[in-house]
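In this note's numbering, the protein residues as written are 527 to 638.
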């Protein structure tokens, strides 16, 4: 289970906005669960924004020929990447985005 510091602003790995805070005893609060409340579902528009941020901030991965779509929490990745491992790195980044139910990886390997 990942532990997130609520005083750190936006954590792109968690995909949620966090605010600074202390509990009543003055201790730094930490978020220990990444599960949303029961029945909560993030909108496709919000997921689209989160997926976009993850893709453009992906290090050592060329996303210049990558596109994606979000429908009912399912993300479809399309386009091409120059190296095989990049397909899986991007799929994993998107799959870890809270609210994503599934990822369809239709990216092709195209050497540049």
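Backbone N, C-alpha and C define an ideal beta-carbon position, used for all residues, glycine too.
If you compare alpha carbons, which of the options is closest to residue i?
i, options, result
"residue 564", "590, 612 and 625", "625"
Does the distance from the CB of residue i to the CB of residue j come in under 8 Å?
i, j, result
"residue 629", "residue 637", "no"
"residue 613", "residue 581", "no"
"residue 596", "residue 574", "yes"
"residue 601", "residue 616", "no"
"residue 603", "residue 632", "yes"
Tell me the rounded alpha-carbon separation between residue i and residue j.
i, j, result
"residue 586", "residue 567", "31 Å"
"residue 610", "residue 569", "31 Å"
"residue 589", "residue 579", "12 Å"
"residue 544", "residue 605", "Bear in mind that the predicted position of residue 544 carries a pLDDT of just 44, short of 50, making it unreliable; the figure below should be weighed with that in mind. Spanning the two alpha carbons is a distance of roughly 32 Å."
"residue 618", "residue 577", "11 Å"
"residue 598", "residue 572", "12 Å"
"residue 584", "residue 594", "15 Å"
Would you list the one or two residues that DSSP bridges to residue i?
i, result
"residue 630", "602"
"residue 595", "602"
"residue 635", "607"
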